[in-house]
Every structure is written in structure tokens, then in C-alpha cells.
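Residue numbers (our numbering): -15 to 169.
In what follows, a structure is listed as C-alpha cells, so that the remarks can point back to it.
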Ligand code: SF4
Ligand code: SF4
């Protein structure tokens, strides 16, 4: 397979180019949800189009899985995207969060910020389980999504998050990424 390394899009989606600094979070079982999901419209994701979401609702749609911070390979002929377990150097794979979110574009210039405006261009290479991709495709959220389950722990318990199984990109050269392809399903 002829492959071209691709950078993951920013996993913490951002609306209207407004900066939302989020600190890295130490993860322990049953810790509070690091994403504020209080005071949202009832099941807004089923009733309001993405471009009509408030900024808080947009942020709350993120499941906190960290999968979009995994590096990918693109087949140069078919355009097919394959995910690897190789993670962006800024990913904290215990917290499943960007360790330098507020300055990530300075440190990783090709990190893509997801917005309602660009989702049509990037959805095809977002993880299949990504809440933004699911909603954009007219699908339902999974039961493990914190908005459904009421707890951020379910994304880890279900095995969807990247917690504890990534390899930092400084340990593996792009020429060897193909050996680390995972099944994104
Ligand atoms: S839902 Fe998961 S894949 Fe989608 S933006 Fe959030 S962390 Fe990334
Ligand atoms: S810079 Fe941060 S948000 Fe962007 S891909 Fe890397 S870890 Fe993810």
C-alpha cells in the first residue's frame, strides 16, 4: 500500500474560532467529567443541526475518546484512511486529552480544528465512532457516549477511548506506521 502520513484533526472541536483553553487532566476512575455537560438543551444533538448548536453544546458533543489524535495513513490511490496506534506527540493517553491544548497550533501547526464549517471536509477521516461524524451522517450516538450514559467513564469502559494503548509518534518513524494500523470500527 502506498501511504501518506496524515495528522489527526483536533479532537476538541472548536466553534467560531474561539479559543477554549483546557488544562490536561489527570484521569482516575469516577472523576468528574472534564467537559461541562450541565445545563444543555434536552437531547439537543437529536433536535438541533450542528450549525445551530451553542458553543457549549458543540463542546459537549465530544465524547473525550482521543481517537482523532491518532495518526493515520491514507492510501494514495484509493484515498482509504487507516488509523494507527501512533499518537500525536501532545496526546496524553491516560487523560485522552491534548496536553497543550491552548498552544497546540503553535506546537503542531497541522492540527485541524473541527468546526461546523469544515466538518463536511474532514468527517470522512474522523473516527467512525466520533460523535461529530455520527451526527453529521444522521446517525445516533452510542449508549456509551457521556451525554447518554451520564458519565465520562463509559467511553473508557467500552474500549472506545485510547486510554493506555497508544504509542507516541517520537518512538516510531512514519515508515513503520503501517505495522501499527488498528481496526477503527
Ligand atoms: S468525539 Fe472522540 S473522535 Fe470525535 S472529536 Fe471528540 S475525541 Fe475526537
Ligand atoms: S495537537 Fe493536541 S488536539 Fe491536535 S492532534 Fe495533537 S494531541 Fe490532538
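Even for Gly, the Cβ is constructed at its ideal location relative to N, Cα and C.
Residue i: CB within 6 Å of a non-hydrogen atom of ligand 1
i	result
residue 51	yes
residue 66	no
residue 47	yes
residue 18	no
residue 111	yes
Residue i beta carbon near ligand 2 (any heavy atom closer than 6 Å)
i	result
residue 95	yes
residue 114	no
residue 106	no
residue 69	no
residue 88	yes
residue 82	yes
residue 98	no
residue 92	yes
CB contact flag (residue i, residue j, <7 Å)
i	j	result
residue 100	residue 24	no
residue 139	residue 49	yes
residue 232	residue 135	Absent from the model: residue 232. The displayed extent of the chain is -15 to 169, so no value can be given.
residue 73	residue 153	yes
residue 103	residue 116	yes
residue 44	residue 19	yes
residue 166	residue 67	yes
residue 80	residue 146	yes
residue 87	residue 29	no
residue 128	residue 65	no
Expected contact under 8 Å - CB spacing of residue i and residue j to nearest Å
i	j	result
residue 71	residue 91	The Cβ separation is near 14 Å, so there is no contact.
residue 57	residue 162	6 Å
residue 111	residue 52	6 Å
residue 130	residue 27	Not confirmed; about 13 Å, so no contact.
Coarse secondary structure for residue i, derived from DSSP in three states
i	result
residue 33	coil
residue 139	helix
residue 161	helix
residue 130	helix
residue 42	helix
Short CB-CB distance (under 7 Å) between residue i and chain B
i	result
residue 36	The displayed structure is made up of one protein chain only, and chain B is not part of it.
4 or more residues per run - each alpha helix (DSSP H) lying fully within the segment 48 to 110: 88 to 91 and 103 to 106
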